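Enquirer: Residue numbers (the working numbering): 47 to 610.
Glycine included, every Cβ here is placed at the ideal spot set by N, Cα and C.
Predicted, not measured: the structure shown is a model, and the values here were computed from it.
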């Protein structure tokens with residue numbers, strides 16, 4: 047029987063699962079794996095990164111826009127610890143990324159070998175599934191298990207450890223095979239219980255003022271059309287979480303926009319409070335979405351909760367009906383069941399007219415600040431001018447600080463699907479720049495914009511070289527105000543403005559980018575902003591716009607805790 051090395055088997059297993067890109071950084075323990083990548087004709091592109099954390103974020107952004115597993119890799123020791131933040135973000139966001147980390151040889155364990163770390167224990171709490179492979183012959187079956195665990199049920203991240211001597215061991219070539227469908231997600235979808243579908247339909251028929259609150263599960267499932275059909279069938283408004291943006295085109299008459307403490311507004315919150323039935327779809331109903339369980343107020347409305355993860359249902363709200371299953375299959379089944387008899391004819395006060403009124407009030411308030419000619423430039427002005435120059439199919443990747451609430455609240459996404467990405471699970475700074483690179487590799491024909499604060503810029507500055515090396519069509523937008531704004535705003539709102547250790551000196555981000563060869567602009571006047579953004583977006587290859595911006599603690603961010 048023909049045998050191949052463990053490293054060759056690992057590469058062939060990735061190829062067999064349909065992997066097309068790998069993001070990673072080299073190291074001593076990865077030499078056999080890299081040699082296999084160099085010698086084999088596998089058709090995959092390896093993207094060399096400047097940091098393992100960035101490699102994981104790139105895999106995350108790639109997975110979100112492609113619907114395929116994102117793959118990252120790194121060496122032992124520091125490489126393994128650096129790659130970890132991206133895995134916990136992906137897993138908690140239900141995004142399947144596979145991290146392959148190499149390690150010292152099995153026979154070198156426990157001998158004070160340089161870079162040794164217990165990777166099994168390190169990664170177990172932050173991934174959906176992980177394994178350390180101690181024998182080369184186990185590589186194929188373990189990698190099959192990794193892809194199966196990542197993409198079935200609620201998707202999540204996985205991690206595999208490949209010790210050096212396992213990479214050089216022998217594997218029977220005949221054992222290298224895979225179910226390629228497991229390279230995309232969600233795979234092996236599970237439909238809902240028919241009795242639960244009937245109960246859900248009955249609950250909906252008996253309600254008057256229904257509203258959907260949709261999380262990321264709708265987009266992950268590809269259930270946008272199924273959701274739209276059901277919403278129009280019921281004439282029910284559709285609100286989303288930040289992760290759920292893309293569930294519905296936000297210029298649709300039934301689209302409410304984002305609700306919750308980050309990106310929601312009093313006007314959208316009011317629609318939730320008027321509902322007598324809240325339908326959570328692919329959403330955990332967590333603290334941000336429900337403003338710490340206040341909207342909807344428990345006990346004041348009925349709840350229908352649909353999710354692929356049964357554990358998520360009932361964690362924060364007592365459901366009147368639970369529906370467990372893939373969002374696309376479940377929504378289609380629910381629409382079919384409701385179609386068997388007419389919905390109630392009572393006039394609902396939650397309808398297109400009330401949605402239009404709430405959105406008109408929200409955007410009237412927004413325009414007061416978006417049209418402000420004051421200096422420094424308001425965040426609202428940035429959103430407004432970017433909306434004017436970006437194509438509808440662009441992808442915007444926002445870091446969780448200043449960009450997140452403004453873009454989630456006020457940028458109108460006119461196409462369903464994944465066009466807005468932000469790391470909502472753990473909110474680490476430095477995500478946007480790296481994830482945008484992954485998104486650009488995933489959608490090479492689309493414009494990608496990375497929006498970050500200047501604090502985030504400092505986290506991942508080295509990856510500008512990665513974007514430049516590959517001539518990626520990414521525009522980096524830096525909201526520059528020399529402060530960790532989210533924390534300073536919190537100190538103002540909750541601690542009497544006692545500011546401590548949140549301010550830093552200003553960086554000339556445009557000059558830094560130019561040092562990497564990137565075309566750059568610095569904007570200080572509102573009247574110059576739109577022209578600079580348009581020129582940057584039209585640039586072939588990377589570009590950067592450094593915008594001197596109003597500090598977050600002095601702005602009017604749609605964050606309910608600060609407003610209160």
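Rounded to whole angstroms, how far is the Cβ of residue 513 from the Cβ of residue 507, which I believe are closer than 8 Å?
Expert: Sequence index remark: in the chain shown, residue 513 carries index 467 (1-based). Sequence index remark: in the chain shown, residue 507 carries index 461 (1-based). Residue 513 to residue 507, Cβ: 11 Å. No contact.
Enquirer: Are residue 103 and residue 125 touching if we call contact CB-CB under 8 Å?
Expert: Position 57 of the chain shown, counted from the first residue, corresponds to residue 103. Position 79 of the chain shown, counted from the first residue, corresponds to residue 125. No, Cβ-Cβ distance for residue 103 and residue 125 is not below 8 Å.
Enquirer: Beta carbon of residue 360, beta carbon of residue 69: below 8 Å?
Expert: For the purposes of this step, residue 360 is taken as residue 314 along the chain shown, with counting starting at 1. For the purposes of this step, residue 69 is taken as residue 23 along the chain shown, with counting starting at 1. Taking a C-beta distance under 8 Å as the contact criterion, residue 360 and residue 69 do not qualify as a contact pair.
Enquirer: Contact check, residue 197 vs residue 142 under 8 Å by CB: the rounded distance?
Expert: Along the chain shown, read from residue 1 onward, the residue named residue 197 stands at position 151. Along the chain shown, read from residue 1 onward, the residue named residue 142 stands at position 96. Right, the Cβ-Cβ distance comes to about 5 Å (below 8 Å), so this counts as a contact.
Enquirer: Please return the same chain residues whose Cβ sits closer than 6 Å to the Cβ of residue 221, not counting the five positions on each side in sequence.
Expert: Translated into the one-based positions of the chain shown, residue 221 becomes position 175. Same-chain partners within the cutoff: 186.
Enquirer: Step through the CB atoms of chain B and report whether any lies within less than 8 Å of the CB of residue 568.
Expert: No chain B is present in this structure, which holds just one protein chain.
Enquirer: Rounded to the nearest angstrom, what separates residue 391 and residue 468 at their Cα positions?
Expert: One-based indexing of the chain shown puts residue 391 at position 345. One-based indexing of the chain shown puts residue 468 at position 422. Residue placement at residue 391 is poorly supported in this model, since its pLDDT is 48, which falls under 50; the coordinates are not used for a value here.
Enquirer: Could you tell me if residue 589 is buried or exposed, where buried requires 16 or more neighbouring beta carbons within 10 angstroms of its beta carbon?
Expert: On the chain shown, residue 589 is found 543 positions in, with the first residue counted as 1. Buried, because 16 or more other Cβ atoms sit within 10 Å of the Cβ of residue 589.
Enquirer: Cutting at 6 Å between CB atoms, please list the residues of its own chain near residue 407, excluding the five before and the five after it.
Expert: Taking the chain shown and counting its residues from 1, the one referred to as residue 407 is at position 361. Taken in chain order, the residues that qualify are 313.
Enquirer: Here's the rule: buried if 16 or more other CB atoms are within 10 angstroms of the residue's CB, otherwise exposed. What is residue 334?
Expert: Position 288 of the chain shown, counted from the start, is the residue given in the question as residue 334. Residue 334 is buried by the Cβ-count criterion.
Enquirer: Is DSSP giving residue 129 helix, strand or coil here?
Expert: Stepping through the chain shown from its first residue, residue 129 is reached at position 83. Residue 129 falls in the helix class under three-state DSSP.
Enquirer: Mind listing, in chain order, the continuous beta strand (DSSP E) runs of no fewer than 3 residues lying wholly within the region 300-369?
Expert: 301-304, 323-327 and 348-353
Enquirer: Tell me whether residue 118 sits in a helix, a strand or coil according to DSSP, three-state version.
Expert: One-based indexing of the chain shown puts residue 118 at position 72. Of the three classes helix, strand and coil, the one that applies to residue 118 here is strand, per DSSP.
Enquirer: Going by beta carbon distance, what residues of the same chain come within less than 6 Å of residue 596, once the five residues before and after it are set aside?
Expert: As a position in the chain shown, residue 596 is number 550, starting the count at 1. Same-chain partners within the cutoff: 422 and 424.
Enquirer: Give the DSSP bridge partners of residue 478, in chain order.
Expert: In the chain shown, counting from the first residue as 1, residue 478 sits at position 432. For residue 478, which the question treats as bridged, DSSP gives no partner whatsoever.
Enquirer: Which value, in whole angstroms, describes the spacing of the CA atoms of residue 92 and residue 199?
Expert: Along the chain shown, one-based indexing puts residue 92 at 46. Along the chain shown, one-based indexing puts residue 199 at 153. Taking the straight line from one Cα to the other gives about 29 Å.
Enquirer: Need the endpoints of the beta strand (DSSP E) that residue 195 sits in, please.
Expert: What you label residue 195 is simply residue 149 of the chain shown in a count that begins at 1. Segment 185-197 is the alpha helix (DSSP H) holding residue 195; no beta strand (DSSP E) there.
Enquirer: Are the region 398-406 and the region 547-557 in contact at 8 Å, needing three or more beta carbon pairs?
Expert: no
Enquirer: By alpha-carbon positions, which one of 448, 426 and 243 ends up nearest to residue 350?
Expert: Sequence index remark: in the chain shown, residue 350 carries index 304 (1-based). The shortest Cα separation from residue 350 among 448, 426 and 243 belongs to 243.
Enquirer: By Cβ distance below 6 Å, which residues in the same chain neighbour residue 363 in space, the five residues on each side in sequence not counted?
Expert: Translated into the one-based positions of the chain shown, residue 363 becomes position 317. Closer than 6 Å at the Cβ level, and outside the excluded window around residue 363, lie 331 and 349.
Enquirer: Which residue's Cα is closest to the Cα of residue 532: 459, 475 and 287?
Expert: For this step, residue 532 is matched to residue 486 along the chain shown. Among 459, 475 and 287, the Cα nearest to that of residue 532 is on 475.
Enquirer: Please list the terminal residues of the continuous alpha helix (DSSP H) segment that includes residue 505.
Expert: Taking the first residue of the chain shown as 1, we reach residue 505 at position 459. Run containing residue 505: 500-505, per the alpha helix (DSSP H) assignment.
Enquirer: For the beta strand (DSSP E) holding residue 91, just list the boundary residues, first then last.
Expert: Taking the first residue of the chain shown as 1, we reach residue 91 at position 45. Start and end: 91-94.
Enquirer: Which runs of the alpha helix (DSSP H) spanning at least 4 residues fall entirely within the region 265-298, listed in chain order?
Expert: Counting only runs of 4 or more, we get 270-280.
Enquirer: Can you round the beta-carbon distance between residue 218 and residue 49 to whole angstroms, since I take them to be within the 8 Å contact cut?
Expert: Taking the chain shown and counting its residues from 1, the one referred to as residue 218 is at position 172. Taking the chain shown and counting its residues from 1, the one referred to as residue 49 is at position 3. Contact holds; Cβ gap of about 6 Å.
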